[in-house]
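Right, one structure below, let's go through it.
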Amino acid sequence: MSQQEIEVILARHLAEYLAMPIFLVNPNGDLIFYNEPAEAILGSRYNETGMMPASEWSTVFHPVDSEGRPIPPEELPLVIALTQRCPAHKILGIRGLDGVMREIEVTAFPLIGQADRFLGGIAIF
Amino acid sequence: MKVTFWGTRGSLASPGVDTSRYGGNTSCVAVEGSEGTMIILDAGTGIRNLGRSLPPDLKRVHILLTHLHMDHIQGLPFFAPLRRRGVEVHLWGPASTTLSLNARLQKYLSPPLFPVSVRELSADLHFHELPAQLIEIGEFLINAQLIIHPNPTIGYRIQCAGAAVTYLPDHEPALGERTFPHEKEWTSGYALAEGADLLIHDSQFTEEEYQSRVGFGHSSIRQAFQFAELTNVKHFAPFHYDPTHSDDELDRMFEEMMAELHPSYEMTPSREGLSLEVAC
Chain A
1 MSQQEIEVIL ARHLAEYLAM PIFLVNPNGD LIFYNEPAEA ILGSRYNETG
51 MMPASEWSTV FHPVDSEGRP IPPEELPLVI ALTQRCPAHK ILGIRGLDGV
101 MREIEVTAFP LIGQADRFLG GIAIF
Chain B
1 MKVTFWGTRG SLASPGVDTS RYGGNTSCVA VEGSEGTMII LDAGTGIRNL
51 GRSLPPDLKR VHILLTHLHM DHIQGLPFFA PLRRRGVEVH LWGPASTTLS
101 LNARLQKYLS PPLFPVSVRE LSADLHFHEL PAQLIEIGEF LINAQLIIHP
151 NPTIGYRIQC AGAAVTYLPD HEPALGERTF PHEKEWTSGY ALAEGADLLI
201 HDSQFTEEEY QSRVGFGHSS IRQAFQFAEL TNVKHFAPFH YDPTHSDDEL
251 DRMFEEMMAE LHPSYEMTPS REGLSLEVAC
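These protein sequences, in sequence, are chains A and B.
1 is the number of the first residue of the first sequence in my numbering; add one for each residue after it.
1 is the number of the first residue of the second sequence in my numbering; add one for each residue after it.
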């Protein structure tokens, strides 16, 4: 069985203890964890959602800008963090899996380990 | 593979009548392969006696450091081959984003902490920074990965002729876990230890001690036994004993764990001078 990188394990532990919503993805962009505060905003428990490819999470929450226009995946902060390996920030609206629209302010950054190992990305909102 | 323990103690060398059976020297383990290659795991105070046992015509030796805490490097300048011209010494250890491995070791191996500096050692020194995907040393194939312990720390899985030895002397896989053991995928060190023929693992604390030392980077003896079960190893050698634990206390702790947990693997407490043959 494969094992998550140690920095990713530590990031998940940190997320589990923090009160801020946190969304964690692997280098492919696959969702690998979000914490309880994020569950309240995304409208579903992580145990129910499970791992989700980037193509799914980038659209399933129907992200929109302040005028209600859909935001393409490549403009989402976490996708920018993954593809450009730099922090990104945006205010957007999402529809949770419970059907409720919410406005969130997202800051995303890439996870880069020792020896320049790219480990994925984190979004805090 | 032949695995010999030269130092089994954690944190601080602790010689004395109460620790004479398991030993008072800090972490150092030698692994000899089927074709005669030797690698040394950590350079605690145990490495001094190991160095004295090596043949004078030794040409090359590899020392794999898990991390640079003092109990894992204190014996380094007392390792006799480092003072011999013509000996090639390869030092492997964790990388840093700011200083080379050589520069970090020089913090200890230089005045005022130590009178002799690295450049005054006669051996031909080579530094290698980790983690790397796989290292090949003689007949050994070695996987080096980061594990949970304060400051970057490497764990090693050493494979030779189909057998695997995993060395995780300072390791706190239970850190941040509300229950332990947890999912394998999310357990530090799992990939290194899975199915190993011999697991050498941190067994520093009692359960009670661990509660007040969470985050120190070590395991309770119970957690170490549980980690060995989770990873489905064949043989488990507790290691890195707390300097305050006497031989008699360690005996009692191991007996209690064996009686309570009924592990599926063979358990042999590491002790100075013990050699274990690991066959596939």
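For each residue, glycine too, the CB sits at the ideal point set by N, CA and C.
For the 8 angstroms CB-CB criterion, S246(B) and I221(B) do not form a contact. Distance check between D65(A) and each of Q4(A), E16(A), H89(A) places H89(A) closest, using alpha-carbon atoms only. Excluding its 5 nearest sequence neighbours in each direction, P87(A) has C-beta neighbours in its own chain below 6 angstroms: F109, listed in chain order. Checking the DSSP bridge columns, you'll see D202(B) partnered with F239(B). In the structure shown, G51(B) adopts helical secondary structure according to DSSP, grouped into three states. Residues of chain A with a Cβ closer than 9 angstroms to the Cβ of A196(B) do not exist; the shortest Cβ-Cβ separation is about 14 angstroms. Interface flag for I148(B) against chain A is set, since a Cβ pair is found closer than 8 angstroms. Contact check between the segment 121–133 of chain B and the segment 28–35 of chain B: fewer than three CB pairs, one atom from each, fall below 8 angstroms, which does not count as touching. Under the three-pair Cβ rule at 8 angstroms, the segment 186–204 of chain B does not count as touching the segment 89–105 of chain B. In the DSSP annotation of this structure, the continuous segment of the alpha helix (DSSP H) that includes F254(B) starts and ends at 247–261. Here H72(B) carries a helix assignment [DSSP, helix/strand/coil].
Residue environment for T166(B): buried (at least 16 other C-beta atoms within 10 angstroms of its C-beta).
When only Cα atoms are considered, A15(A) and Y22(B) end up about 40 angstroms apart. Look at S188(B) here: in three-state DSSP terms it is coil, with no helix or strand label. By the criterion of at least three beta-carbon pairs nearer than 8 angstroms, the segment 170–178 of chain B is not in contact with the segment 134–143 of chain B. Of the residues D98(A), W57(A), L18(A), the one whose Cα lies closest to the Cα of I32(A) is W57(A). Not flagged as an interface residue toward chain B: H89(A), since no C-beta distance is shorter than 8 angstroms. By alpha-carbon distance to P243(B), the top candidate from V3(B), K2(B), S11(B), W6(B) is S11(B).
In the three-state DSSP reduction, N143(B) falls in the strand class (E or B). With a 10 Å radius around the Cβ and a threshold of 16 neighbouring Cβ atoms, G162(B) comes out exposed.
Taken through DSSP and simplified to helix, strand or coil, Y22(B) comes out as coil.
Look at the segment 10–37 of chain A: the residues with a C-beta under 8 angstroms from a C-beta of chain B are L10, R12, H13, L14, E16, Y17. In the DSSP assignment, Q84(A) falls outside any beta strand (DSSP E) and within the unbroken alpha helix (DSSP H) covering 77–84.
Taking 8 angstroms as the upper bound for CB-CB distance, I124(A) and P21(A) are in contact here, some 7 angstroms apart.
Pairing I147(B) with A164(B), the inter-Cα distance amounts to about 18 angstroms. Counting only the Cα atoms, F23(A) lies some 13 angstroms from A81(A). When rounded, the separation of the alpha-carbon atoms in G16(B) and A19(A) is 49 angstroms. With respect to L119(A), S44(A) sits apart: the two C-beta atoms are not nearer than 8 angstroms.
In this structure, DSSP gives P111(B) a state outside helix and strand, which the three-state scheme calls coil.
For the segment 174–197 of chain B, the beta-carbon criterion of a distance under 9 angstroms to any beta-carbon of chain A is satisfied by L175, G176, E177, R178, K184, E185, W186, T187, S188, G189, Y190, A191, L192, E194. Straight-line spacing of the CA atoms in Q145(B) and G155(B) works out to 5 angstroms. Judged by their CB atoms, L50(B) and R104(B) are not nearer to each other than the 8 angstroms cut-off. Taking all protein chains in view, the Cβ of E272(B) is crowded by 16 or more other Cβ atoms within 10 Å, so the residue is classified as buried. Under a criterion of Cβ atoms nearer than 8 angstroms, the residues of chain B adjacent to I6(A) are, in order, Q145, L146, I147, I148, S188.
Counting C-beta pairs closer than 8 angstroms gives fewer than three between the segment 257–271 of chain B and the segment 210–219 of chain B, which falls short of the contact rule. Nearest to Q3(A) by alpha-carbon distance, out of W186(B), E249(B), F227(B), is W186(B).
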